[in-house]
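*Asks:* Have a look at this one.
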Amino acid sequence: MSKWQSKEEFKANVRAWAEKLDVNIKTISMRAMKNKWASYTKDTDMLIFNSELLEMDRDLGNYVIVHELLHFRAPNHGKLWKSLMRAHLGDYERLEKQLKYSSLD
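Just add 1 to wherever you are in the sequence shown, counting from 1, and you've got my numbering.
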């Protein structure tokens with residue numbers, strides 16, 4: 002797969018996944034983050050994604066997007082969350098490992 006063309010394209014993809022997963026998001030933001038790929042603020046329904054994702058393969062970006070959006074349905078990484086990840090991304094564990102070895106400078 003290829004990299005993202007722009008922040009707008011990435012955010013449009015977040016909105017498409019949110020619609021598919023029936024999740025309402027008020028704000029989607031991107032910025033440099035030192036320790037995380039993404040974060041969610043429940044009080045404001047704001048998702049923040051690490052801008053470093055723009056330089057990565059789309060599959061990894063989709064993994065992070067779906068990972069965060071599914072926390073609206075399953076707050077922890079238990080059986081339900083894993084089942085939903087598998088249903089939407091198939092072999093998500095492969096992407097998880099790939100992302101783990103990617104840089105977070």
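Glycine residues also receive a C-beta, built at the ideal position from the N, C-alpha and C atoms.
(1) Taking only the alpha-carbon atoms, compute the straight-line gap between M47 and M34 and give it to the nearest angstrom.
(2) Taking L100 and L61 to be in contact with their CB atoms under 8 Å, please state how far apart those CB atoms are, rounded to whole angstroms.
(3) Leaving out five residues on either side along the sequence, give the residues of the same chain with a beta carbon under 6 Å from the beta carbon of I29.
(4) Quick check on this structure: which residue in L22, D92 and R95 has the alpha carbon closest to the alpha carbon of A75?
(5) Might you give, ordered along the chain, the residues of its own chain that have their beta carbon closer than 7 Å to the beta carbon of I66, omitting 5 neighbours on each side?
(6) Determine the contact status of L55 and K8, defining contact as a CB-CB distance below 8 Å.
(7) Considering L48, what are the terminal residues of the beta strand (DSSP E) in which it resides?
(8) State buried or exposed for Y102, treating a residue as buried only when at least 16 other CB atoms are found within 10 Å of its CB.
*Replies:* According to the structure data:
(1) Numbered from 1 along the sequence shown, position 46 holds the residue referred to as residue 47. Numbered from 1 along the sequence shown, position 33 holds the residue referred to as residue 34. Going from the Cα of M47 to the Cα of M34 covers about 15 Å.
(2) As a first step, residue 100 is located in the sequence shown; it is residue number 99 there, counting from the start. As a first step, residue 61 is located in the sequence shown; it is residue number 60 there, counting from the start. That belief holds up - the Cβ atoms of L100 and L61 are roughly 5 Å apart, short of 8 Å.
(3) As a first step, residue 29 is located in the sequence shown; it is residue number 28 there, counting from the start. Here the set comprises K12, V15 and L48.
(4) For the purposes of this step, residue 75 is taken as the residue at position 74 of the sequence shown. When each option's Cα is compared against that of A75, the closest is L22.
(5) Residue 66 sits at position 65 when you count from the first residue of the sequence shown. Closer than 7 Å at Cβ, skipping near neighbours: N14, V15 and W18.
(6) Taking the first residue of the sequence shown as position 1, residue 55 is located at position 54. Taking the first residue of the sequence shown as position 1, residue 8 is located at position 7. A contact, by the Cβ cut-off of 8 Å.
(7) Counting from 1 along the sequence shown, the entry for residue 48 is found at position 47. Counted as a single uninterrupted DSSP element, the beta strand (DSSP E) harbouring L48 occupies residues M47 to N51.
(8) Counting from 1 along the sequence shown, the entry for residue 102 is found at position 101. Burial call: exposed.
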